[in-house]
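Numbering of the sequence shown is given in the working numbering, commencing with residue 34 and proceeding in unit increments.
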Amino acid sequence: MAEVKITGLHKRYGAFHAVRGIDLDIRDGQFTVLVGPSGCGKSTLLRTIAGLEEISEGTIEIGGEVVNDFRPRDRDVAMVFQDYALYPHMSVAKNIGFGLKARKMPKPEVEVRVAEAARMLGITPLLGRFPRQLSGGQRQRVAIGRAIVRNPRIFLFDEPLSNLDAQLRDEMRGEIKRLHQDIATTMIYVTHDQIEAMTLADRIVLMRDGLIEQQGAPLELFEHPASTFVAGFLGSPRMSFLPGTLALDAGAAAIRLADALLPLARGRGLKGVADGQQVLLGLRPEHVTRAHTATPEQGTFRYEATIDLLQPTGSRSYATFRLAGAPVMAELQAHDVSRPGEKLAIDINMNRASIFDATTERAI
């Protein structure tokens with residue numbers, strides 16, 4: 034069993050407080066992604082789990098055992114770094130098996146483990162090559178293979194794809210996802226890339242300034258962000274934010290913008306709010322689309338928009354227009370609009386809209 038339980042974890046570097054009282058439970062076999070902007074503390078947190086950084090305060094448990102004082106090699110974790118860390122004078126096979134040989138494992142068993150890891154990663158034909166003869170993606174597979182052969186309780190990944198080009202990153206995301214499905218081992222993965230987080234994770238832990246801003250299933254964070262920071266960080270293109278005020282009347286609610294009133298669905302469950310409260314309305318491009326019916330459906334606000342900017346991406350186009358003076362992005366089919374300046378009936382799905390307090394920037 035490889036549950037990870039972190040309680041009250043702090044990490045300080047002198048006066049700098051890198052990780053500030055983190056509490057986190059990771060289930061056995063779960064793929065957890067620590068994501069956030071540079072400097073948020075995600076890599077530091079990962080390194081404390083690995084034992085590469087001493088913690089300033091708190092506890093780390095692996096499999097129910099406190100490991101604060103364990104050396105990295107005694108925690109039974111394997112870490113994959115972004116720089117591969119391969120030995121240039123060794124073949125792929127020897128690189129993968131090096132850690133096992135250092136632990137005095139019998140040569141026949143090392144060979145079996147190396148062969149199995151190579152098979153899983155599709156690099157068997159590369160076993161006799163040297164790192165200088167490999168592409169970036171192949172080198173990363175070798176680095177992952179070196180972790181696999183150890184059969185650890187936990188895999189730790191520290192931005193392993195950041196040095197690869199876009200196409201290779203796409204391929205390697207699929208490889209890592211498939212690896213987790215095959216071996217069902219606990220994995221903790223650090224990235225600043227929200228696409229990697231959404232693609233790979235069973236559970237996302239979004240960090241900011243050494244704290245956990247929100248954690249949960251990827252779709253939960255995407256559909257129900259706890260703050261404007263979460264809403265803006267996850268999703269590409271990012272969410273549009275429009276300043277407005279709440280209008281409450283006999284159980285009905287709406288968002289009043291400078292030149293529009295956008296009704297909210299009854300029973301939305303707004304609590305602790307007041308009429309006239311300053312808010313931010315959050316709209317994702319996926320929820321702002323071309324109108325395809327004669328009249329708006331329930332929960333939809335229709336708006337006659339003038340397209341300011343058009344960004345084609347193949348089968349879809351992202352169109353920017355202004356609503357109450359603020360830019361809003363819509364996701365359209367490629368044939369919906371052909372050039373900027375066109376007018377288009379736009380439907381805004383208010384059932385999927387997010388609402389945040391304008392002062393605290395927290396969801397309401």
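Note that beta-carbon positions come from the ideal geometry of N, C-alpha and C, so glycine has one too.
Quick caveat, the model's predicted, so the values are computed rather than measured.
Could you give the distance in angstroms between the alpha-carbon of residue i and the alpha-carbon of residue j?
{"i": "G332", "j": "A286", "result": "12 Å"}
{"i": "L212", "j": "L316", "result": "35 Å"}
{"i": "L133", "j": "S124", "result": "15 Å"}
{"i": "L290", "j": "E256", "result": "22 Å"}
{"i": "K137", "j": "S269", "result": "48 Å"}
{"i": "P139", "j": "H50", "result": "45 Å"}
{"i": "I39", "j": "F334", "result": "45 Å"}
{"i": "L252", "j": "M231", "result": "8 Å"}
{"i": "S168", "j": "V223", "result": "23 Å"}
{"i": "G72", "j": "E319", "result": "30 Å"}
{"i": "I388", "j": "I340", "result": "25 Å"}
{"i": "A398", "j": "L342", "result": "Nothing in the structure corresponds to residue 398, since the chain is present only between 34 and 397."}
{"i": "F131", "j": "G54", "result": "37 Å"}
{"i": "M272", "j": "E98", "result": "42 Å"}
{"i": "G178", "j": "P193", "result": "13 Å"}
{"i": "Q115", "j": "T326", "result": "50 Å"}
{"i": "E87", "j": "V147", "result": "32 Å"}
{"i": "M205", "j": "M112", "result": "16 Å"}
{"i": "I228", "j": "A199", "result": "11 Å"}
{"i": "V312", "j": "I221", "result": "36 Å"}
{"i": "D61", "j": "M153", "result": "22 Å"}
{"i": "K44", "j": "T77", "result": "8 Å"}
{"i": "M381", "j": "D203", "result": "Sequence check: residue 381 is Ile here, not Met. Distance between the alpha carbons of I381 and D203 is about 31 Å."}
{"i": "R241", "j": "E394", "result": "14 Å"}
{"i": "R162", "j": "A126", "result": "8 Å"}
Determine the closest residue to residue i out of the options, with distance taken between C-alpha atoms.
{"i": "A357", "options": "T346, E364, E337", "result": "E337"}
{"i": "Q63", "options": "R165, R241, P158, G249", "result": "G249"}
{"i": "A396", "options": "V68, G302, D380, L343", "result": "G302"}
{"i": "D292", "options": "L275, S371, F131, S76", "result": "L275"}
{"i": "M362", "options": "A378, D390, T322, T346", "result": "T322"}
{"i": "S260", "options": "E204, E229, A391, R104", "result": "A391"}
{"i": "L254", "options": "D242, I237, I245", "result": "I237"}
{"i": "S89", "options": "A48, G178, R355, V182", "result": "A48"}
{"i": "L399", "options": "L281, A307, Q310, Q311", "result": "This structure cannot settle anything about residue 399, because the visible part of the chain is limited to 34 through 397."}
{"i": "L42", "options": "K75, R60, V68", "result": "K75"}
{"i": "S195", "options": "L119, M272, G170", "result": "G170"}
{"i": "I379", "options": "G347, T328, T393, Q173", "result": "T328"}
{"i": "A307", "options": "H325, I288, L295", "result": "I288"}
{"i": "E149", "options": "K210, N184, A135", "result": "N184"}
{"i": "I245", "options": "R45, P70, A83", "result": "P70"}
{"i": "L267", "options": "A83, G284, H225, Y117", "result": "H225"}
{"i": "T218", "options": "L189, A83, N128", "result": "L189"}
{"i": "N128", "options": "F103, A180, T81", "result": "A180"}
{"i": "K210", "options": "V66, H368, E394, E364", "result": "V66"}
{"i": "L314", "options": "L159, V100, P258", "result": "P258"}
{"i": "G347", "options": "A359, S371, F354", "result": "S371"}
{"i": "R108", "options": "L377, A126, I82", "result": "I82"}
{"i": "D102", "options": "R165, L159, P164, G84", "result": "G84"}
{"i": "L295", "options": "M383, L119, P141", "result": "M383"}
{"i": "H368", "options": "S350, V100, G305, R385", "result": "S350"}
{"i": "P121", "options": "R172, V143, L377", "result": "R172"}
Helix, strand or coil: how does DSSP classify residue i here?
{"i": "D203", "result": "helix"}
{"i": "L67", "result": "strand"}
{"i": "R136", "result": "coil"}
{"i": "M153", "result": "helix"}
{"i": "D107", "result": "helix"}
{"i": "E330", "result": "coil"}
{"i": "A367", "result": "coil"}
{"i": "Q311", "result": "strand"}
{"i": "R323", "result": "strand"}
{"i": "P360", "result": "strand"}
{"i": "L160", "result": "coil"}
{"i": "L244", "result": "strand"}
{"i": "V143", "result": "helix"}
{"i": "V306", "result": "coil"}
{"i": "V113", "result": "strand"}
{"i": "E375", "result": "coil"}
{"i": "G170", "result": "helix"}
So if DSSP puts residue i in a beta bridge, which residue, or which two residues, is it bridged to?
{"i": "S89", "result": "Answer is none; S89 lacks a bridge partner."}
{"i": "R335", "result": "D380"}
{"i": "K44", "result": "V52"}
{"i": "I59", "result": "V37"}
{"i": "Q344", "result": "Y351"}
{"i": "F389", "result": "L313, A396"}
{"i": "D191", "result": "V223"}
{"i": "V100", "result": "None; V100 has no bridge partner."}
{"i": "I177", "result": "I177 is not bridged to any residue."}
{"i": "E94", "result": "K38, V99"}
Quick check: is the beta carbon of residue i nearer than 8 Å to any beta carbon in chain C?
{"i": "A148", "result": "This model lacks chain C altogether; it includes just one protein chain."}
### Any beta strand (DSSP E) of 3 or more consecutive residues that is wholly inside the region 247-300
273-282, 285-289, 294-296
#### Entry: Length-filtered (3 minimum) beta strand (DSSP E) runs lying within the region 216-240
219-224
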